[in-house]
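So the sequences go chain by chain: A and B. Take 1 as the starting number for the first sequence in the numbering used here and just add one per residue. Take 423 as the starting number for the second sequence in the numbering used here and just add one per residue. Let me begin by presenting the structure, written as structure tokens, before commenting on it.
Protein chains: 2
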Amino acid sequence: MIQALLVADPLAGTLALLALMWIAAKVGGEIAVRMKMPAVAGELIAGLAWAAAVKAWPGSVPDIGSNASMDLLGNLGVIVLMFAVGLESTVPQMLKVGLASLRVAVLGVALPMGLGLLGAALFLPKGTPLAVDLFIGACLCATSIGISSQVLKEVGQLDSAEGRVIVGAAVMDDVLGLLVLVAVSGIAAAATAGTGLPLGALAKTLTLALLFLGLALTLGRFATPHLFKLADRFRSEQLLLPLALGFAFFLAWLGNRAGLATIVGAYAAGLILEPAHIESLERRERHSLEDLVHPLVMVLAPLFFVLVGAKVDPAALLKPSTLLFGVVLAALGVVGKWVAGLGAGKGFRWTAVGWGMVPRGEVGFIFVGVGDALMIHGKPLLSPEVSAAIVTALLLTTLLGPVGLGWDLRRTATPNPSLSRG
Amino acid sequence: MIQALLVADPLAGTLALLALMWIAAKVGGEIAVRMKMPAVAGELIAGLAWAAAVKAWPGSVPDIGSNASMDLLGNLGVIVLMFAVGLESTVPQMLKVGLASLRVAVLGVALPMGLGLLGAALFLPKGTPLAVDLFIGACLCATSIGISSQVLKEVGQLDSAEGRVIVGAAVMDDVLGLLVLVAVSGIAAAATAGTGLPLGALAKTLTLALLFLGLALTLGRFATPHLFKLADRFRSEQLLLPLALGFAFFLAWLGNRAGLATIVGAYAAGLILEPAHIESLERRERHSLEDLVHPLVMVLAPLFFVLVGAKVDPAALLKPSTLLFGVVLAALGVVGKWVAGLGAGKGFRWTAVGWGMVPRGEVGFIFVGVGDALMIHGKPLLSPEVSAAIVTALLLTTLLGPVGLGWDLRRTATPNPSLSRG
Numbered sequence: 001m002i003q004a005l006l007v008a009d010p011l012a013g014t015l016a017l018l019a020l021m022w023i024a025a026k027v028g029g030e031i032a033v034r035m036k037m038p039a040v041a042g043e044l045i046a047g048l049a050w051a052a053a054v055k056a057w058p059g060s061v062p063d064i065g066s067n068a069s070m071d072l073l074g075n076l077g078v079i080v081l082m083f084a085v086g087l088e089s090t091v092p093q094m095l096k097v098g099l100a101s102l103r104v105a106v107l108g109v110a111l112p113m114g115l116g117l118l119g120a121a122l123f124l125p126k127g128t129p130l131a132v133d134l135f136i137g138a139c140l141c142a143t144s145i146g147i148s149s150q151v152l153k154e155v156g157q158l159d160s161a162e163g164r165v166i167v168g169a170a171v172m173d174d175v176l177g178l179l180v181l182v183a184v185s186g187i188a189a190a191a192t193a194g195t196g197l198p199l200g201a202l203a204k205t206l207t208l209a210l211l212f213l214g215l216a217l218t219l220g221r222f223a224t225p226h227l228f229k230l231a232d233r234f235r236s237e238q239l240l241l242p243l244a245l246g247f248a249f250f251l252a253w254l255g256n257r258a259g260l261a262t263i264v265g266a267y268a269a270g271l272i273l274e275p276a277h278i279e280s281l282e283r284r285e286r287h288s289l290e291d292l293v294h295p296l297v298m299v300l301a302p303l304f305f306v307l308v309g310a311k312v313d314p315a316a317l318l319k320p321s322t323l324l325f326g327v328v329l330a331a332l333g334v335v336g337k338w339v340a341g342l343g344a345g346k347g348f349r350w351t352a353v354g355w356g357m358v359p360r361g362e363v364g365f366i367f368v369g370v371g372d373a374l375m376i377h378g379k380p381l382l383s384p385e386v387s388a389a390i391v392t393a394l395l396l397t398t399l400l401g402p403v404g405l406g407w408d409l410r411r412t413a414t415p416n417p418s419l420s421r422g
Numbered sequence: 423m424i425q426a427l428l429v430a431d432p433l434a435g436t437l438a439l440l441a442l443m444w445i446a447a448k449v450g451g452e453i454a455v456r457m458k459m460p461a462v463a464g465e466l467i468a469g470l471a472w473a474a475a476v477k478a479w480p481g482s483v484p485d486i487g488s489n490a491s492m493d494l495l496g497n498l499g500v501i502v503l504m505f506a507v508g509l510e511s512t513v514p515q516m517l518k519v520g521l522a523s524l525r526v527a528v529l530g531v532a533l534p535m536g537l538g539l540l541g542a543a544l545f546l547p548k549g550t551p552l553a554v555d556l557f558i559g560a561c562l563c564a565t566s567i568g569i570s571s572q573v574l575k576e577v578g579q580l581d582s583a584e585g586r587v588i589v590g591a592a593v594m595d596d597v598l599g600l601l602v603l604v605a606v607s608g609i610a611a612a613a614t615a616g617t618g619l620p621l622g623a624l625a626k627t628l629t630l631a632l633l634f635l636g637l638a639l640t641l642g643r644f645a646t647p648h649l650f651k652l653a654d655r656f657r658s659e660q661l662l663l664p665l666a667l668g669f670a671f672f673l674a675w676l677g678n679r680a681g682l683a684t685i686v687g688a689y690a691a692g693l694i695l696e697p698a699h700i701e702s703l704e705r706r707e708r709h710s711l712e713d714l715v716h717p718l719v720m721v722l723a724p725l726f727f728v729l730v731g732a733k734v735d736p737a738a739l740l741k742p743s744t745l746l747f748g749v750v751l752a753a754l755g756v757v758g759k760w761v762a763g764l765g766a767g768k769g770f771r772w773t774a775v776g777w778g779m780v781p782r783g784e785v786g787f788i789f790v791g792v793g794d795a796l797m798i799h800g801k802p803l804l805s806p807e808v809s810a811a812i813v814t815a816l817l818l819t820t821l822l823g824p825v826g827l828g829w830d831l832r833r834t835a836t837p838n839p840s841l842s843r844g
């Protein structure tokens, strides 16, 4: 009995699972790299293969897709990744590409929405509520910052002008996506209740999100130096990383209170933190903050990407009827986001920007999760077939995005490097 | 509704809690350092203060002591810490101090057990089953490797001869403690059932534990270079840290299957991994493995120490009757472990070794948890008062240990540094 008590440490199972996930991620990444694709695409496919194995041998392969511990660690991974991405830029650098990002973001919401409506009109039976068409469009609007950031990191172009436009546009997309989601949900609710559109809720959502971003980038920038100067007066050691991460996590929490995804707050924290604020602490600890954050990203981010793949239902991918609808939606989604890259304007490699906006990733899957819970006229808004088709489309864009971006960056990097800086 | 769905991301609460815990740990550590105590003692007290705040304002202060996410991260913290501790030594170095460690470990189990029996005989009413006395003694035998390792790290003496003896003896203590626990539980079960002692179970426990350690340190040492040579043929990057951690977590899992605490397996993995096995990967990634592991320890280990403090019931500490018994047990426990330092023999600063063995920490608390679940003659083995007294004693040794070790290492470091290497 005691023996059982001691042996059955539930943590031990988690440790074994982590070891297996790292191996899966690294093997998947290696295969992708050998096929000249970004490692992150291989990690996504490793997750997919894991999900297929769970389906094939239920009970004997652990289902990481519904494991709370892995969820926590994977989510921490993408948050730390976005903090690290933010650290590589500063607020002035982002403002410089702000207009280009805004154009890409707005086009990147309008075009996929329009094309998504078109696809829905072609495939869905007559009499389907408009809210369903709108929701399909909304799912195609999302952009996953995590995946493109990882590709940009892999090829060392996170601090290129295109890298900044992509990341900036993806952050703005998060605000726009939030609005679209609230609007579509409101339309579904209004259609059911027979009332008007919830304009008040929309205005409140937008105000809160913009207020958070505005305050973080202004007030936050003034407060941060004081915060780290205070820490510098401590005599104990190993302060920089826990305090910087604590700062990022606090902003992630605060941004989430304002309705934004936690990754947006973490990215804002990275943008705000500038080398000058922490150089004394970095000297004391003999490591730069980026050097200290990097190992955390290395360990946690692959878990996130494997999980994104593992959360997909492989059966949904293989049904011919939904597969065709899904492929069409994916094609429309890729074209919409890719053309949105034109919004970057002159002096940018617009095709790279467009590819960078293609992956929908976790954001799209969150949308589907919300849609699955929405009701209209007493019935679920999304039928299982429509839901599966959207998932297929999201998955295809999530896989095509990093492959296209990696290929485009390599293609355009050599011939005309002078264009790579805005 | 949607707004609520998006805002109520449970991860956001975890992020805010992590930020608060890091601040608590760092402020506690700073106060301790200014009082010339090791930072880890301050982190433990910060956890205690948190537990007191939860008690004082229930519902408004989050109870980190029973939070599954924090448990996971804290436990990963101590496992990564022990892996890092293992990395700083090699198997031959540990074998060199093996006999000294073994003497300290055996004395460190025999003396506290004897003194614990004495204390129990003095304080417990007549007619108390022998199993209770033995269990109290068993709780005083445990040694927390985590806490003393952290102190040794803080003062930069982890690779001193005394540091190695302490860590080696603490690992052996884990095996011995496991045996004592199985023996005491067996005695309680035998007393209830009126049967003989479970010698077979004892033999099996010892064999499994020794088999794991033996195989890990022999077979593991031969297999590891091949494993990392294989990884070196990969073309993708960022392999070293995930694979090394995966290796450590795998051994932690395997050791746990053999009945050992997960930290023992992680420590063994660190011992086995030698610079020569990974130098090619380290060159490719331009960072040493220790540099890569260090940030993980920095971020996760403080969570563990705050949690050890936060899991204590502050009310149990303040009851006068149990307080006196607890203080006496603590005094006996400190003396027993401290004198055990003499086992190190000539050429070692035995007082430092003794202090290093004093903290009971998480291991002792695991014992109490097991004891609380044990029954004898149909009644719980430990009464609430005895349980609270043991917790008090564990807590006092856990706080006194790092303070005493820090003080002793500073005291003995300067006058005769030549003695510090065996």
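Don't be surprised by glycine CBs; every beta carbon is placed ideally from N, CA and C.
Residue i (DSSP reduced to helix, strand or coil)
i: Met-424 (chain A); result: Chain A is shown only over 1 to 422; residue 424 (chain A) falls outside these bounds and no answer can be derived.
i: Pro-480 (chain B); result: coil
i: Lys-379 (chain A); result: strand
i: Leu-124 (chain A); result: coil
i: Thr-629 (chain B); result: helix
i: Ala-564 (chain B); result: coil
i: Phe-234 (chain A); result: coil
i: Gly-618 (chain B); result: coil
i: Asp-372 (chain A); result: helix
i: Val-293 (chain A); result: helix
i: Asp-408 (chain A); result: helix
Local Cβ density within 10 Å of residue i, reported as buried at 16 or more and exposed below that
i: Ala-737 (chain B); result: exposed
i: Phe-228 (chain A); result: buried
i: Ala-121 (chain A); result: exposed
i: Gly-65 (chain A); result: buried
Within-7 Å CB hit, residue i to chain A
i: Gly-657 (chain B); result: Reading off the sequence, residue 657 (chain B) comes out as Arg, not Gly. Closer than 7 Å to some Cβ of chain A, the Cβ of Arg-657 (chain B) qualifies, so yes.
i: Phe-671 (chain B); result: yes
i: Trp-472 (chain B); result: no
i: Thr-684 (chain B); result: yes
i: Trp-772 (chain B); result: no
i: Asn-489 (chain B); result: no
Sequence-distant residues of its chain with Cβ nearer than 6 Å to residue i (five each side left out)
i: Val-180 (chain A); result: Ala-138, Cys-141
i: Met-504 (chain B); result: Ile-685, Ala-688, Tyr-689
i: Asp-431 (chain B); result: none
i: Leu-661 (chain B); result: Ala-653
i: Leu-115 (chain A); result: Leu-332, Gly-336
i: Lys-733 (chain B); result: Gly-487
Cβ-based neighbour list, residue i, same chain, cut-off 8 Å, excluding 5 preceding and 5 following
i: Leu-804 (chain B); result: Val-554, Phe-557, Val-790, Gly-793, Asp-794, Leu-796, Ile-812
i: Glu-452 (chain B); result: Ala-461, Gly-464
Residue i at chain B interface by Cβ criterion, 7 Å
i: Trp-22 (chain A); result: yes
i: Thr-207 (chain A); result: no
i: Gln-238 (chain A); result: yes
i: Gly-29 (chain A); result: yes
i: Pro-275 (chain A); result: no
i: Ala-16 (chain A); result: yes
i: Trp-407 (chain A); result: no
i: Pro-62 (chain A); result: no
i: Pro-402 (chain A); result: no
Boundaries (first-last residue) of the alpha helix (DSSP H) holding residue i
i: Ser-66 (chain A); result: Unbroken run through Ser-66 (chain A): none, as it is neither H nor E.
i: Glu-279 (chain A); result: 275-285
i: Glu-162 (chain A); result: 161-193
i: Glu-346 (chain A); result: Reading off the sequence shown, one finds Lys at residue 346 (chain A), where the question assumed Glu. Element bounds for Lys-346 (chain A): n/a, residue is neither H nor E.
Same chain, Cβ closer than 7 Å to residue i, five either side skipped, listed in chain order
i: Ala-352 (chain A); result: Glu-162, Leu-405, Asp-408, Leu-409, Thr-412
i: Val-756 (chain B); result: Val-780, Thr-819, Leu-822
i: Pro-415 (chain A); result: With a pLDDT of only 44 at Pro-415 (chain A), under 50, the local geometry of the prediction cannot be trusted, and the value read off the model is given with reservation. Contacts found: none.
Under 9 Å from the C-beta of residue i: neighbouring residues of chain E
i: Lys-448 (chain B); result: The structure shown contains no chain E; its protein chains are A and B.
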